[in-house]
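Residue numbers (the numbering used here): 5 to 391.
Using N, Cα and C, we set each Cβ at its ideal position, and we do this for glycine too.
The structure appears below as structure tokens.
If you want it as structure tokens, here you go:
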């Protein structure tokens with residue numbers, strides 16, 4: 005049984021139109037830039053498929069070069085959407101140059117030398133190149149995104165590239181393609197239909213990525229302190245549990261710094277809650293600037309903060325704590341222009357083989373912080389090892 009390609013393409017185009025409408029409603033509600041780019045990508049595919057289905061019925065310049073340019077635009081807007089979603093700077097000029105060169109080649113091969121097989125080669129080679137670039141962009145996100153969310157769009161791009169290369173092979177082997185759809189050979193017809201279905205699956209991949217983004221935002225809201233931008237207690241304890249398991253597995257050292265703003269109640273009483281908020285915000289800014297990207301920093305509640313230093317030995321931990329204590333803790337100015345500063349008390353604890361869990365280590369750091377408070381504040385105290 006032969007595949008009736010015009011009917012199949014028309015059906016795929018209608019399905020794509022329905023998916024495009026759904027994504028359009030989502031983009032309108034979410035007001036998110038990357039969704040608008042993906043909506044444009046799906047729209048290009050939808051119109052391109054519907055034009056392609058009219059090959060042999062409508063003018064060739066409309067149903068072949070224009071349709072192919074629209075399908076190429078799908079990949080271009082897909083890539084720019086990825087860049088916006090992942091916060092990556094893509095080589096936009098390079099991508100535009102590739103599409104522009106393809107457009108010039110299409111014009112020349114259509115109205116210059118009228119070489120239809122060469123047009124198929126240029127289209128599918130460009131399609132395969134852009135698809136592999138898109139797959140690579142997704143692959144590079146595996147460290148920060150779950151593979152389950154990336155696998156559908158990444159697989160679609162890889163399959164799209166393979167199908168394009170398969171059409172290149174068929175043309176090089178001399179299979180006639182035909183300018184009208186009834187003339188298209190069955191191997192070509194099957195590859196064209198599969199390519200359109202892959203483009204359809206890519207639309208579902210967009211929805212999957214958007215759902216993943218929403219899940220990440222919800223998780224960030226649940227684990228981030230909105231005032232300082234640091235991890236809250238819940239987020240900090242999750243990260244500490246992961247780091248503790250890594251320390252147990254590798255046997256690496258670890259240090260914990262427990263911090264508390266001295267006389268914070270007096271700041272609130274004298275400067276109001278706005279002044280207290282400024283003091284906490286200043287704490288967050290300094291902590292982010294003083295420590296390494298892989299150190300764990302969290303606000304545990306009120307004016308109490310905690311820093312975990314993976315791999316830090318005794319001298320490193322004490323040096324970091326003392327440097328932090330001596331930082332500029334100016335958080336505001338009084339009406340006379342005088343700088344308002346506060347001081348810190350810091351308790352330091354070093355991980356020990358006798359610590360039963362991460363909570364025991366935190367408890368020792370907290371005890372050292374309490375001793376720093378009793379000792380007059382504005383000082384660093386090192387915890388005793390566990391008995």
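Exercise. For residue 320, which of 28, 258 and 177 has the nearest alpha-carbon?
Worked result: Translated into positions along the chain shown, residue 320 becomes position 316. Checked all of 28, 258 and 177; the closest Cα to residue 320 is 258.
Exercise. Quick one, which of 367, 264 and 296 has its alpha-carbon nearest residue 329's?
Worked result: In the chain shown, residue 329 corresponds to position 325, counting from 1. The residue with the shortest Cα to Cα distance from residue 329 is 264.
Exercise. Expressed to the nearest angstrom, what Euclidean distance is found between the alpha-carbon atoms of residue 206 and residue 310?
Worked result: Here residue 206 refers to the residue found at position 202 when the chain shown is read from its first residue. Here residue 310 refers to the residue found at position 306 when the chain shown is read from its first residue. Each residue's Cα considered, the two are about 43 angstroms apart.
For this session: Let me know the alpha helix (DSSP H) ranges lying completely inside the segment 64 to 140, each 4 residues or longer, listed in chain order.
Result: 71 to 90 and 96 to 111
For this session: Please report how far the alpha carbon of residue 135 lies from the alpha carbon of residue 219, in whole angstroms.
Result: Within the chain shown, the letter at position 131 stands for residue 135. Within the chain shown, the letter at position 215 stands for residue 219. Cα-Cα distance, rounded: 26 angstroms.
Problem set entry | C-beta atoms of residue 42 and residue 90 nearer than 8 angstroms | Taking the chain shown and counting its residues from 1, one reaches residue 42 at position 38. Taking the chain shown and counting its residues from 1, one reaches residue 90 at position 86. No, the Cβ-Cβ distance between residue 42 and residue 90 is not below 8 angstroms.
Exercise. For residue 233, does the three-state DSSP call read helix, strand or coil?
Worked result: Against the chain shown, residue 233 aligns to sequence position 229. The answer is coil: DSSP assigns residue 233 none of H, G, I, E or B.
For this session: Compare the C-alpha of residue 225 against each of 213, 170, 238 and 214 and name the closest.
Result: For the purposes of this step, residue 225 is identified with residue 221 of the chain shown, where counting begins at 1. Selection 213, 170, 238 and 214 evaluated against residue 225 yields 238 as nearest (Cα-Cα).
Exercise. Tell me which same chain residues have a C-beta within less than 6 angstroms of the C-beta of residue 71, skipping the five on either side of it?
Worked result: Walking along the chain shown from the start, residue 71 turns up at place 67. Around residue 71: 52, 55 and 56.
Exercise. In chain order, which beta strand (DSSP E) runs of at least 3 residues are fully inside the segment 267 to 342?
Worked result: The segment 267 to 342 contains, as complete beta strand (DSSP E) runs of 3+ residues, the segments 300 to 305, 308 to 314 and 334 to 337 (chain order).
For this session: Measure the alpha-carbon distance for residue 361 versus residue 248 and round it to whole angstroms.
Result: On the chain shown, residue 361 is found 357 positions in, with the first residue counted as 1. On the chain shown, residue 248 is found 244 positions in, with the first residue counted as 1. For residue 361 and residue 248, the gap between their C-alpha atoms comes out near 8 angstroms.
For this session: Can you tell me which of 155, 276, 171 and 291 puts its alpha carbon nearest to the alpha carbon of residue 197?
Result: Numbered from its first residue, the chain shown carries residue 197 at position 193. For the residues 155, 276, 171 and 291, the minimum Cα distance to residue 197 belongs to 171.
Problem set entry | Closest Cα partner of residue 103 within the set 122, 127, 113 and 87 | Here residue 103 is taken as the residue at index 99 of the chain shown, counted from 1. Per the Cα distances, 127.
For this session: Please confirm if the segment 278 to 290 is in contact with the segment 326 to 345, defined as three or more CB-CB distances below 8 angstroms between the two stretches.
Result: Because the criterion of three Cβ pairs below 8 angstroms is met, the segment 278 to 290 and the segment 326 to 345 touch.
Exercise. If you follow the alpha helix (DSSP H) that residue 148 is part of, which residue opens it and which one closes it?
Worked result: For the purposes of this step, residue 148 is taken as residue 144 along the chain shown, with counting starting at 1. Looking at the DSSP string, residue 148 is not in any alpha helix (DSSP H), and its letter there is neither H nor E.
For this session: Please state if the CB of residue 23 and the CB of residue 39 are separated by a distance shorter than 8 angstroms.
Result: Translated into positions along the chain shown, residue 39 becomes position 35. Translated into positions along the chain shown, residue 23 becomes position 19. Not closer than 8 angstroms, so no.
For this session: Indicate the three-state DSSP secondary structure (helix, strand or coil) for residue 264 in the structure shown.
Result: Mapped onto the chain shown, residue 264 falls at position 260. Annotated three-state conformation of residue 264 is strand, per DSSP.
Exercise. Looking only at C-alpha atoms, which of 167, 253, 260 and 212 sits nearest to residue 241?
Worked result: Counted from its first residue, the chain shown places residue 241 at position 237. Closest by alpha carbon: 260.
Exercise. What distance in whole Å lies between the Cβ atoms of residue 157 and residue 213, which are believed to be in contact at a cut-off of 8 angstroms?
Worked result: On the chain shown, residue 213 is found 209 positions in, with the first residue counted as 1. On the chain shown, residue 157 is found 153 positions in, with the first residue counted as 1. Contact holds; Cβ gap of about 6 angstroms.
Exercise. Which residues in the same chain as residue 119 place their Cβ atom closer than 6 angstroms to its Cβ, once the five residues preceding and following it in sequence are excluded?
Worked result: Position 115 of the chain shown holds residue 119. Once the five neighbours on either side are set aside, the close Cβ partners of residue 119 are 113.
Problem set entry | Option nearest residue 143 by Cα separation, candidates 132, 159, 133 and 129 | As a working mapping, residue 143 is identified with position 139 in the chain shown. Measuring from the Cα of residue 143, the nearest candidate turns out to be 159.
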